[in-house]
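Student: Handing you this structure, nothing more for now.
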Amino acid sequence: MGRIYLSPPHMGTEERALLLEAFDSNWIAPLGPQVDRFEAELARYVGLEHATALSSGTAGLHLALLLLGVGAGDKIVTSTLTFAATVNAIAYVGAEPVFVDVEPETWTLDPDGLVEALDTLEADGTPARAVITVDLYGQLCNYARIEVTCQRRNVPLIEDAAEALGSFVGDRSAGTFGDMGIFSFNGNKIITTSGGGMLVSRHGLHTDRARFLATQARDPAPHYQHSTIGYNYRLSNLLAAVGRGQLRVLEERVAARRRVRRFYQEALSDLPGLTFLDDPPGVRSNAWLTTLRIDPEAFGTDRESVRLHLEADDIESRPVWKPMHLQPVFGSCPSFGGSISEALFRDGLCLPSGSSLSEPDLQRIVSRFRSTPR
Ligand SMILES: *Cc1c(COP(=O)(O)O)cnc(C)c1O
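Counting the sequence shown from 1 gives a position; our numbering is that position plus 4.
Shown next as structure tokens:
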């Protein structure tokens, strides 16, 4: 019995063929026909016209902030419950993160907390320059409210959908709610290019400018001419080929991860004190990671005992993200609320959720979970 990982890569049959095709074409560069097609195919999947392929999701967040002209001292409101990449990008442009707690139902940015943060910043004479929402574990934020809040105040919205490719509310895809959205194809995400990202937008001006900045900001000229600082953030043509193959099986990957979540929910339903993160009505999340809260009083032991018990049988699980307002590097930044995200960090667990998990793997995880001493 081998180790069971949290969210390992899952390649289909076409990725290898597309990769070799790209290799044999000698387009071994951070541009080429596979990149162009990957952009067009991803844009079509999410229902937008424009996408720019990048070397990472973090690069996408960095460029999105640059495109909005965010700079030194600007305030950016974001969810405290996220992966550090969201906030690192804010630091790259010299801006200051302002953290807001999450709502208990979706574990995403609390719309009331957002209003409070925006009002307070406005009253202090330092209005927010942008909001970054995070579709945590594939769960979409409450955009019905957040979009209106941002539009009324004229604050641009960037959607960190790194974890949420394949999530929809009605026919609207993750990544399409803000002025710009970003996706990640890191090795642990629902589809992967080993490393990569995408910036999507309704506005071709944004994605064109992102492509320009990501390619060392070369002015149109036969020689090398530069009037702006640029970056080396483009996606390799080889990796784009892998991404195209992965995109073809994305719907299968979503279905598999949703089956994994359903399996856990059913197999553990008789145990007290467990609350799974699940979709609100009308939402189809990609169920990137199955996550749950373990109430130590009701369950009889805490999250960490379960995690260590799984680990002792070579089953990888992880605590929920540690809130950014508790991180040593961001601890001095302003923060609104925080008790929900702190409780989720204390009691939350991510279970192995890979789309390649077999029925025997799932049985093994569940019986190990159930055998935790309580
Ligand atoms: C993975 C992730 C990122 C960063 O994506 P990379 O491609 O690894 O740079 C950003 N935000 C969130 C919420 C993520 O999970």
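The C-beta atom is built at its ideal place from N, Cα and C for all residues, glycine as well.
(1) Any idea what DSSP makes of E100, helix, strand or coil?
(2) Which of helix, strand or coil does DSSP assign to V204?
(3) Taking Cβ positions, are R133 and L72 nearer each other than 8 Å?
(4) Tell me which residue opens and which closes the alpha helix (DSSP H) that G185 is part of.
(5) Output needed for H313: all residues of its chain with C-beta closer than 6 Å, excluding positions within five of it in sequence on either side, in chain order.
(6) Helix, strand or coil: how does DSSP classify G75 here?
(7) If you measure from the CB of V310, is any heavy atom of ligand 3 nearer than 7 Å?
(8) Grab me the residues of S205's own chain with a C-beta within less than 6 Å of its C-beta, minus the 5 sequence neighbours each way, in chain order.
(9) Considering H54, what are the terminal residues of the alpha helix (DSSP H) in which it resides?
(10) So which of I195, L24 and G117 has the shortest CA-CA distance to A259?
(11) Short check: CB of T153 to CB of P115, under 8 Å?
(12) Helix, strand or coil: which one does DSSP assign to I150?
(13) Let me check you understand the geometry: is the CB of N190 closer than 7 Å to at least one non-hydrogen atom of ligand 1?
(14) One question on the structure: do V104 and F280 come within less than 8 Å of each other, judged by their Cβ atoms?
(15) Terminal residues of the continuous alpha helix (DSSP H) containing L314?
(16) Looking at the unbroken beta strand (DSSP E) that takes in V135, where does it start and where does it end?
(17) Where does F181 sit, in a helix, a strand or coil, going by DSSP?
(18) Less than 8 Å between the CB atoms is what I'm expecting for A63 and G201, so what's the real figure, rounded?
(19) With distances taken from CA atoms, which of E346, P34, R378 and P364 is nearest W111?
(20) Just to confirm my understanding: we take E107, look at its own chain, exclude 5 residues before and 5 after, and list those with CB closer than 6 Å. What are they?
(21) How many angstroms separate the CA atom of D283 from the CA atom of Q143?
(22) Determine the contact status of E404 and G179, defining contact as a CB-CB distance below 8 Å.
Tutor: In short:
(1) strand
(2) strand
(3) yes
(4) No alpha helix (DSSP H) contains G185, which is instead part of the beta strand (DSSP E) from M184 to S188.
(5) T376
(6) coil
(7) Of the ligands one can find in the structure shown, namely ligand 1, none is ligand 3.
(8) H54, M184 and T211
(9) It is not in any alpha helix (DSSP H) - H54 instead sits in the beta strand (DSSP E) that spans H54 to L58.
(10) I195
(11) yes
(12) helix
(13) yes
(14) no
(15) R307 to E315
(16) A134 to V138
(17) coil
(18) 6 Å
(19) E346
(20) D114
(21) 7 Å
(22) In the structure as shown, the chain starts at 5 and stops at 378, and residue 404 therefore has no counterpart that could be examined.
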